[in-house]
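Chains as they are written, first to last, in our numbering: chain A, 1 to 386; chain B, 1001 to 1270.
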């Protein structure tokens, strides 16, 4: 369907698709099998100017928005969700800086990411704090001109690969939700190390691991926004990043849909291609309809964000929720249409189904997304009655 | 290093079909692409530029729409481009083409190295690169698979030239021309800034008059070769592979020849 892209948006979409098909497609199965981080592929995205789409031009980026970023992410995810996550996670890592960073911080960290010379990562989750972000145990104590961090972060995307990390830690437990603070921690900071790299069900080429802070000492100018702003920074970050997860879901589901249609046209049973069996055709029709609905939602929400709208929590959560559930359903159905072939690693849909599951879990589980949407509905209704 | 790449816009032969009546390519509805070997030439040129500085200019001879192929190269990072386009150039064979490209290269001027793809996928002659070197009086190496080194002091380029049974290492003094094979390295991807630049870049068009071409040496009339016929080779007959001991193989072969009536049955009887 024509989404009336500008010439520039069309170029971004074409470019991301070209890299995905020429560079990612030939190696996606091998990267998955070997659980190998796609560093070489990320260099192609950097060379193509796709690493700083939503970074302002003043910091070396293209000065565009989440919509353009979503267009690129979708095309990469259509071919490999693992590579797309590695590509997009650096973007998640810099959101706290884009939204709340000081001028000095932006000058220091953003140009490298825009040029693809450095990678970023975002670190909130801990072993006992995921959905319940208020239960964060990592602490940061002021000590003269420094902060000293202690604790660990778990399941951090791009762990070990990224050059710097935006990390939330508790600076004053007595203040509850206002006691958390975001910091930039650089690879090589004293007392900062990495735990083991996790072995995952899907998106296996992306790097997931533990960050360990053992009396990790960083200068006070690494605070993002100011002390106590940690949860606000985290929530605002998720508000703008979730349509990006939506783009991952749309792309992944689109890839699975195309694979399923192609297979159904060539697979013959009972004397005809299975796409001519109504049971299969109806499955494909439902898959295609949800993919298109998800795409329309993600594009609309991303454009709404880029307009500078403030009331974005609800729609942003919807974009993530609907598309990740769609990706799970569509990839599962694609495996079903492939039948026995689909269960074999030789065919692409098995990996797609494994890759899809994480989209319902990370950046807020889909249960949390429903909580957010429910709370916003409650608030909206309350405001109406006054 | 100032580098010129000579490229060709070709029909995407992955889609092309032959008209069985006229034996010509059916070009309607077929996309035009940059000759794939020329993208390898581009990559080799851009890599040399990135390592040693200078500029890469792309040149092609073709109809006005060939400018699109040049724009595509600019999106990959090629610095400048020029189009040789004139009705008088039409119908050129490889010799008239290389004559025209040579004049275009002289007009643009001052290149240390010219890089061409080994051949175009429509004509498949692999002649234009070497002929262009002859027209310009330059040393050349064809089928280069790797650029080993460049010594700016001596102006010498060391390359590996692909041969049927291995490769030659050739040292060549610039200015020179090379044609490259795909082993030279996969082309990079375009960039967003490159695509934007490609949209806006001014591509000068050079006519026969601009390059002061001798009209007896360009286009169809300047072409010493003629294509008499284009035809698809007859499909070969069905092949049978015979295995076993030599004696058995001979007996089986003999049976086949008898069955095909290649040999008379009574010969077999004697």
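Even glycine gets a Cβ: it sits at the ideal position worked out from N, Cα and C.
- The residue among B:1186, B:1257, B:1097, B:1253 with its C-alpha nearest the C-alpha of residue 1088 (chain B) is B:1097.
- In this structure, residue 76 (chain A) and residue 340 (chain A) do not form a Cβ contact; the two beta carbons are roughly 29 angstroms apart against a cut-off of 8 angstroms.
- As summarised for the segment 303 to 371 of chain A, the continuous alpha helix (DSSP H) elements at least 4 residues long and confined to that stretch are 313 to 338, 340 to 343, 348 to 356, given in chain order.
- The three-state reading of DSSP puts residue 23 (chain A) in helix, counting H, G and I together.
- Collapsing the DSSP output to three states places residue 143 (chain A) in a strand.
- Setting aside the 5 residues that flank it on each side, residue 1121 (chain B) is surrounded in the same chain by 1010, 1013, 1035, 1036, 1037, each with a C-beta closer than 8 angstroms to its C-beta; the list follows chain order.
- For residue 235 (chain A), the enclosing alpha helix (DSSP H) has its first and last residue at 230 to 266.
- Residue environment analysis places residue 348 (chain A) among the buried positions, since at least 16 neighbouring C-beta atoms fall within 10 angstroms of its C-beta.
- Taking residue 1078 (chain B) as the centre and dropping the five residues before and after it, the same chain places the C-beta of 1056, 1058 closer than 6 angstroms to its C-beta, in chain order.
- When C-alpha distances from residue 296 (chain A) are compared across A:174, A:272, A:283, A:322, the shortest belongs to A:322.
- Spanning the alpha carbons of residue 59 (chain A) and residue 1042 (chain B) requires a straight line of approximately 30 angstroms.
- Using a C-beta cut-off of 8 angstroms, the segment 119 to 136 of chain A makes contact with the segment 150 to 161 of chain A, since at least three inter-stretch Cβ pairs fall below that distance.
- Annotation: the continuous alpha helix (DSSP H) that includes residue 1129 (chain B) extends over 1128 to 1136.
- Residue 1156 (chain B) and residue 1184 (chain B) do not touch by the CB rule: their CB atoms are close to 18 angstroms apart, not below 8 angstroms.
- The continuous beta strand (DSSP E) containing residue 1009 (chain B) extends over residues 1009 to 1011.
- The three-state reading of DSSP puts residue 196 (chain A) in strand, counting E and B together.
- Approximately 28 angstroms separates the beta-carbon atoms of residue 82 (chain A) and residue 132 (chain A); this is outside 8 angstroms, ruling out the contact.
- Taking a 10 Å sphere around the C-beta of residue 272 (chain A), we find fewer than 16 other C-beta atoms and assign the residue as exposed.
- For residue 1166 (chain B), no alpha helix (DSSP H) segment is defined; the enclosing uninterrupted segment is the beta strand (DSSP E) at 1166 to 1173.
- Interface flag for residue 22 (chain A) against chain B is set, since a Cβ pair is found closer than 8 angstroms.
- Residue environment: residue 24 (chain A) is assigned as buried (16 or more neighbouring CB atoms within 10 Å of its CB, all protein chains considered).
- The continuous stretches of alpha helix (DSSP H) do not include residue 1226 (chain B), and DSSP gives it neither H nor E.
- What residue 62 (chain A) touches in chain B, judged by beta-carbon distance under 9 angstroms, is 1192, 1193, going in chain order.
- When DSSP reads this structure, residue 287 (chain A) sits in no beta bridge, so it has no partner.
- Between the beta-carbon of residue 1128 (chain B) and that of residue 1003 (chain B) there is about 17 angstroms, and that puts the pair past the 8 angstroms contact cut.
- B:1033 is the residue among B:1033, B:1239, B:1150, B:1106 whose C-alpha sits nearest the C-alpha of residue 1073 (chain B).
- Within chain B, no residue has its beta carbon less than 8 angstroms from that of residue 25 (chain A); the closest one is some 13 angstroms off.
- Counting every other CB atom within 10 Å of its CB across the protein chains shown gives residue 1241 (chain B) a total below 16, marking it as exposed.
- The Cβ of residue 18 (chain A) sits closer than 8 angstroms to at least one Cβ of chain B.
- Judged by their CB atoms, residue 67 (chain A) and residue 302 (chain A) are nearer to each other than the 8 angstroms cut-off.
- Around residue 1062 (chain B), the same chain offers 1009 as residues with beta carbons nearer than 6 angstroms, after the five sequence neighbours per side are excluded.
- Boundaries of the alpha helix (DSSP H) harbouring residue 1042 (chain B): 1036 to 1052, taken from the DSSP string.
- Rounded to the nearest whole angstrom, the CA to CA distance from residue 89 (chain A) to residue 1018 (chain B) is 49 angstroms.
- When Cβ pairs closer than 8 angstroms are counted between the two stretches, the segment 285 to 299 of chain A is seen not to touch the segment 352 to 366 of chain A, the count staying below three.
- Taken in chain order, the whole beta strand (DSSP E) runs of length 3 or more contained in the segment 71 to 145 of chain A are 120 to 123, 139 to 143.
- Using a Cβ distance threshold of 8 angstroms, residue 1076 (chain B) and residue 1187 (chain B) count as a contacting pair.
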